[in-house]
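Here is the structure we will look at, set down as structure tokens.
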Amino acid sequence: MRFPFIPREEKFFDLFEESARNLVRGAGLLAELIEKWENIEERVSEITELEHHGDNITHRIIAQLHATFITPIDREDIAQLADRMDDVMDLIEGAAVDMLIYEVKRPTERAQELADILVRTTSEVSAAIPRLRRRNQLNKIPEHCIEINRLENEADTVVRAALAELFHNQIDLADVIKWREIYDHMETATDRCEDIANVLEGVMIKRA
Amino acid sequence: MRFPFIPREEKFFDLFEESARNLVRGAGLLAELIEKWENIEERVSEITELEHHGDNITHRIIAQLHATFITPIDREDIAQLADRMDDVMDLIEGAAVDMLIYEVKRPTERAQELADILVRTTSEVSAAIPRLRRRNQLNKIPEHCIEINRLENEADTVVRAALAELFHNQIDLADVIKWREIYDHMETATDRCEDIANVLEGVMIKRA
Amino acid sequence: MRFPFIPREEKFFDLFEESARNLVRGAGLLAELIEKWENIEERVSEITELEHHGDNITHRIIAQLHATFITPIDREDIAQLADRMDDVMDLIEGAAVDMLIYEVKRPTERAQELADILVRTTSEVSAAIPRLRRRNQLNKIPEHCIEINRLENEADTVVRAALAELFHNQIDLADVIKWREIYDHMETATDRCEDIANVLEGVMIKRA
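Chains as they are written, first to last, in the working numbering: chain C, 93 to 300; chain H, 93 to 300; chain R, 93 to 300.
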């Protein structure tokens, strides 16, 4: 017996993979924005476009969820994954937009470090997500999650050092306020990636 | 056969409507406080009273939830609606109290814009909630939700402009810190209204 | 018929009690750090050790959850309790670390008040948790929850007064930024204790 069409449920995996690739692109553009620091408005608006694209993916996942009677993974896990991936993109865009509207003169080295960590973290998310499709791939999920957790701790350490420096070397207090906000967006983005990792581990355990 | 008394489950809808009206009043008093900017302490304490009244409604909803075996909509949706409406009132009060304790001299125009958006957003919530009572009204819910999402985006745009202005025209950095906090309360209040809209849409789809 | 070994499910209660005792120790060390304000680095690293210990307990609870087919209380309540207790410890550590990295000169009296409230709040949590083990103890849970709610309101009032003072007596605006952050960690820790109380009340009602 042959199935002439892809089961609708496969669409969830397609959409999650599309969303994960979008995060990797967003983190990449953020890192590039910080590194090059030119054509700022244009680069930020590219990130905003990715954020709109991410919103669109999220809405398609939720619509698919409401239209599907039996889902390949638990409904609440699907909703959680969609929401947390949406958060990551919002936070990446928030960091980019804040640098623009706060008219920062030059990004700090710490911001560069955080953006690089975010590139690696979203890449791990993007590598982990396709493992959901096949039962024999599920046992590869933990290695990605361990790396995501490690990167989240690294981001934490960078932010603590960055905040200490901000106050210690403080020349302009307005800069302190601006950078605290920008660092906070980037650190929270890695926290949300860790939430994604936790959902993935839960799914793995339930399906094992 | 006739049912001589209103089923207990109707009470949930009564309480949600009472809570929504309370939000509209709270947002209205906040907008008035900002517009008039006189008798400040008295006006703020009126808003605090509404916040206490909101707490009371929330507790009655949760107590009713525990006392009811079969609920008219999913238990988790009831809890979510109650919590998010409670958050909106807390944030409205937070914005009012912060203006008082931070001893701001004059509210900004941006604060006025945000308060006006909040009046419109809570009014949409209050218009959407009664649609839950009757199956033939459920299909009116999306139009309210679309408007709530639009208003939330508007609030976002106002806050971003307001923050850019704060840093750009910055005279007193203490004012920057104070207004960022106050704007954040008001923007988060519109975010929570969007959460309410999402729950309402979910309820509609499940009952359709 | 006799059961020769402790059912595995009892382990959840053991782990929750261990976690609650860890919170009480953490809050105690924070209060001591603020009171004495000497050997700061050493004291903060002791709190960080407790935070790592807390992480370890959380992981054991989640692992136990995945390994247990029938749980003594609802799975989602177990996950919620574990997460919220983890949050409280993170926030206690966050307050301690911030005082160190921000190089604050002397803790404020308000910080002392908040740390003392946190000691009392975590002690109530720790007194309430063992009530979960036995059905005939469940009805003692509300008295702890009422006290936790009262303490959370007290913390709120202290923070509002503290923030008003910060801006009113403001000498150094960098101090305003630092203390707002530290107070926020401590207040949020009492909020998370209130979340724990709400979960405990829910469990009680469901098992009654």
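All C-beta atoms in this analysis are idealised placements derived from N, C-alpha and C, irrespective of residue type, glycine included.
Taking a Cβ distance cut-off of 9 Å, strictly less, list which residues of the stretch 179 to 208 of chain C are near chain D, in chain order.
The chain labelled as chain D is not found among the protein chains of the depicted structure, namely C, H and R.
- Query: What residue from R:Glu239, R:Ala256, R:Asp276 and R:Arg117 has the CA that sits closest to Met177 of chain R's CA?
  - Reply: R:Arg117
Quick check: the Cα distance between Asp166 of chain H and Leu107 of chain H, rounded to an integer number of angstroms? 16 Å
I need the straight-line Cα distance from Glu201 of chain R to Leu206 of chain H, nearest angstrom please. 35 Å
Notebook entry, point to check: Which residues, taken in chain order from the stretch 241 to 270 of chain R, show a beta carbon closer than 8 Å to some beta carbon of chain C?
Noted result: Leu265, Ala266, Ile269 and Lys270
Does Ala174 of chain H pass the burial test, meaning 16 or more other C-beta atoms within 10 Å, or should it be called exposed? buried
Checklist entry - Do Ile126 of chain H and Pro199 of chain H have their C-beta atoms closer together than 8 Å? => result yes
Please report the distance separating the alpha-carbon of Lys270 of chain C from that of Glu273 of chain R.
15 Å
Counting C-beta neighbours from all protein chains within 10 Å, is the total for Ala159 of chain H 16 or more, i.e. buried, or is it exposed? exposed
### Query
Would Ile297 of chain C count as contacting chain R if we go by Cβ distances under 8 Å?
yes
Item to complete: Whole angstroms is fine: what's the gap from Val268 of chain R's alpha carbon to Glu185 of chain R's?
Response: 20 Å
Discussion item. Using 8 Å for Cβ pairs, my map puts Ala289 of chain R next to Ile240 of chain R. What's the rounded Cβ distance?
Written reply: 4 Å
Distance, Cα to Cα, Arg212 of chain C vs Asp276 of chain C? 18 Å
Among H:Gln172, H:Glu101 and H:Glu109, which residue has its Cα nearest to the Cα of Ser215 of chain H? H:Glu109
Inset, instruction - Classify Glu127 of chain C as helix, strand or coil using the three-state DSSP reduction. - result: helix
#### Entry: Opening and closing residue of the alpha helix (DSSP H) in which Asn46 of chain C lies
Only positions 93 to 300 of chain C appear in the structure, and residue 46 of chain C is not among them; the question remains open.
Should Glu143 of chain R and Asp169 of chain R be called a contact, given that it needs their Cβ atoms to be closer than 8 Å? no
With a floor of 4 residues, list each alpha helix (DSSP H) that falls wholly inside the stretch 183 to 238 of chain C, ordered by position along the chain.
201 to 220
By the DSSP assignment, the alpha helix (DSSP H) with Asn290 of chain C in it spans what residues? Leu265 to Arg299
Cα separation between Val291 of chain C and Gln172 of chain R?
-> 14 Å
Residues near Leu230 of chain H by beta carbon distance below 7 Å, same chain, minus five either side: Arg223, Met296, Arg299 and Ala300
Open item on the list: Quick check on the burial criterion: 16 or more other C-beta atoms within 10 angstroms. Buried or exposed for Ser137 of chain H?
Closed with: exposed
**Asked** So, is the C-beta of His158 of chain R closer than 8 Å to a C-beta in chain C?
**Response** yes
So Ile221 of chain H and Ala119 of chain H are supposed to be a Cβ contact under 8 Å. How far apart are they, rounded? No, Ile221 of chain H and Ala119 of chain H are not in contact; Cβ-Cβ is about 15 Å, not under 8 Å.
Let me confirm a value: Thr249 of chain C is counted as buried when at least 16 other C-beta atoms fall within 10 Å, else exposed. Which label applies?
exposed
Exposure label - Arg227 of chain C; buried when at least 16 CB within 10 Å
exposed
### Message
Measuring only the C-alpha atoms, how far is Lys128 of chain R from Glu286 of chain C?
### Response
36 Å
- Item | Classification of Asp190 of chain H by the beta-carbon crowding that lies within 10 angstroms, buried from 16 upward | buried
So Thr150 of chain R packs on Glu101 of chain R, CB below 8 Å; how close in whole Å?
-> Their Cβ separation, rounded to whole angstroms, is 18 Å, which puts Thr150 of chain R and Glu101 of chain R out of contact at 8 Å.
Let's test the definition: count the other Cβ atoms within 10 Å of the Cβ of Asp264 of chain C and tell me whether it reaches 16, buried, or not, exposed. exposed
| query | In whole angstroms, what separates the C-alpha of Glu124 of chain C from that of Glu134 of chain C? | reply | 12 Å
Worksheet entry | Cβ neighbour criterion (16 or more within 10 Å) applied to Ile238 of chain R | exposed
Worksheet entry | For Glu130 of chain R and Lys197 of chain R, the rounded distance between their alpha carbons | 11 Å
* With distances taken Cα to Cα, identify the nearest neighbour of Ile233 of chain H among H:Val180, H:Glu246, H:Thr280 and H:Glu293. => H:Glu293
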